[in-house]
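Contents: one structure, followed by commentary.
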Amino acid sequence: MHAHNIPDTPEVRAKIDEVQNAALATLGIDAKKVAVWEDGFRSVDELDHSFEWWYFDMHLDDGSTIVVTFNSKPNTAPDGPVDPSVLVIYHGADGTKIREDVRHPADDFSAKRDSCDVTVGPNTVRGDLEHYELHIDDAGLVADLRLDRQSPSWRPGAGLTYFDSAQKQHMGWVVPVPYGTLSGTITVNGETREVTGSGYHDHNWGNKVMNAGLDHWYWGRAHVGDYTVVYVRLTTKGLFGLGSINIPTFLLAKGDEVITDDMVPLRLETSGDVDGPGGQSYPTDLRWSWKTDEGSVEMHITNVEMIEALDMEPTHKGLAHAVFGMFEHPMYYDF
Numbered sequence: 001m002h003a004h005n006i007p008d009t010p011e012v013r014a015k016i017d018e019v020q021n022a023a024l025a026t027l028g029i030d031a032k033k034v035a036v037w038e039d040g041f042r043s044v045d046e047l048d049h050s051f052e053w054w055y056f057d058m059h060l061d062d063g064s065t066i067v068v069t070f071n072s073k074p075n076t077a078p079d080g081p082v083d084p085s086v087l088v089i090y091h092g093a094d095g096t097k098i099r100e101d102v103r104h105p106a107d108d109f110s111a112k113r114d115s116c117d118v119t120v121g122p123n124t125v126r127g128d129l130e131h132y133e134l135h136i137d138d139a140g141l142v143a144d145l146r147l148d149r150q151s152p153s154w155r156p157g158a159g160l161t162y163f164d165s166a167q168k169q170h171m172g173w174v175v176p177v178p179y180g181t182l183s184g185t186i187t188v189n190g191e192t193r194e195v196t197g198s199g200y201h202d203h204n205w206g207n208k209v210m211n212a213g214l215d216h217w218y219w220g221r222a223h224v225g226d227y228t229v230v231y232v233r234l235t236t237k238g239l240f241g242l243g244s245i246n247i248p249t250f251l252l253a254k255g256d257e258v259i260t261d262d263m264v265p266l267r268l269e270t271s272g273d274v275d276g277p278g279g280q281s282y283p284t285d286l287r288w289s290w291k292t293d294e295g296s297v298e299m300h301i302t303n304v305e306m307i308e309a310l311d312m313e314p315t316h317k318g319l320a321h322a323v324f325g326m327f328e329h330p331m332y333y334d335f
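In terms of this note's numbering, the sequence shown is residues 1 to 335.
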């Protein structure tokens, strides 16, 4: 499909600033500083018409990976009562694999408004932006993990993307831990071991079925040396009568300092599409570029290897790293 990039003009930048400044004022948040409450229960006031998840992605020094997502309900079914679950994806360095989205009764879900304090069944996460404590006991994985932030908490502008001109239909996003260090213990197949590694945590919420406004998106993150980068491109199905639009998001940080989060210059070119599970396709070559008079960043991702493919139809739940083809049979591909 053909989609328009957001042009980098003074007029466009002024409009973006106007929308984001209005949202910042409405929410009462600081443009440059994430507050602890922003990682709390954001959709609590419209619980029957929203979804929300807290996502943790961890890479262990032994080569294993863990993804854990706390869900208030499926993001494919925002209208309805709380239907909580915890998605657990574990790839052990020894070849052990776990992938299960474990549902729990609504009474076994709780979340606080003023900070990240979420319980789904026996699973808990609590944190204050700087430090997070996770306890997982589902899907055959038991873990007690501590994630310590090393890169500044961040959100793009007010952290909201609107899908209608009335600015009622939205999706929110905040990244409390773009990069952090990890320690703790995990138990798999009855064997407990101490682990160290690195991790990432973000938090999403919204009040509109994701495939109603989005055709697809690409999302990625990396930490190289002292640098942390988060990059996103959403492609809408049609926004404000203007057709499909590519909406970029970009963060570049060094240590505890944000170098830039100017999203407008970010561009993506893809090629080498191949067929994937669920009747969708995905590119095997992605070239990201960010260029201004102050400097440039280029990232070339090639020979991608699919790790997971999650079915995102309404009867399924779960999340991993890049959503593709959300028109007839939405799939979520993790590379």
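Positions of the beta carbon are idealized from the N, C-alpha and C atoms, including for glycine.
- Around the beta-carbon of residue 73, 16 or more other beta-carbon atoms lie within 10 Å, marking it buried.
- By the neighbour-count criterion, in which 16 or more other beta carbons inside 10 Å mark a residue as buried, residue 91 falls on the buried side.
- Secondary structure of residue 35 (DSSP, three-state): coil.
- Under a 10 Å Cβ-count criterion, residue 38 is classified as buried, with 16 or more other Cβ atoms of the shown protein chains found around its own Cβ.
- Residue 161 is classed as buried because its beta carbon has at least 16 other beta carbons within 10 Å across all chains shown.
- The beta carbon of residue 141 lies closer than 8 Å to those of 66, 88, 90, 98, 186, 187, 188 in the same chain, with the five residues before and after it left out.
- Taken through DSSP and simplified to helix, strand or coil, residue 29 comes out as coil.
- 163 is the residue among 172, 265, 163, 198 whose C-alpha sits nearest the C-alpha of residue 235.
- A distance below 8 Å separates the beta carbons of residue 284 and residue 274.
- For the options 200, 94, 25, 155, the alpha carbon positioned closest to that of residue 248 is the one of 155.
- Contact between residue 121 and residue 135 is absent: CB atoms are separated by about 11 Å, not below the 8 Å threshold.
- Comparing C-alpha distances from residue 228 to each of 203, 4, 260 shows the shortest one belongs to 260.
- Fewer than three Cβ pairs drawn from the stretch 17-32 and the stretch 189-196 lie within less than 8 Å of each other, which leaves the two stretches out of contact.
- Residues of the same chain with a CB within less than 8 Å of the CB of residue 181, apart from the 5 flanking positions on each side, are 147, 148, 150, 196, 197, 198, 199 in chain order.
- It is roughly 18 Å from the alpha-carbon of residue 61 to the alpha-carbon of residue 221.
- Shown here, residue 12 sits in a helix according to DSSP, grouped into three states.
- Here the alpha carbon of residue 268 sits roughly 10 Å from the alpha carbon of residue 300.
- Per DSSP, reduced to three states, the secondary structure at residue 226 is coil, with no helix or strand assignment.
- Note on residue 233: 16 or more other CB atoms within 10 angstroms of its CB, so buried under the neighbour-count rule.
- Within the same chain, 163, 169, 236, 237 come within 7 Å of residue 213 by CB-CB distance, once the 5 residues on both sides are set aside.
- Cβ-Cβ distances below 6 Å link residue 31 to 24 in the same chain, with the five nearest sequence neighbours on each side left out; the list follows chain order.
- One alpha carbon belongs to residue 45, the other to residue 272, and they sit about 44 Å apart.
- If the five residues before and after residue 42 are omitted, its C-beta is found closer than 7 Å to the C-beta atoms of 52, 172, 205, all from its own chain and listed in chain order.
- The secondary-structure analysis by DSSP pairs residue 300 across a beta bridge with 287.
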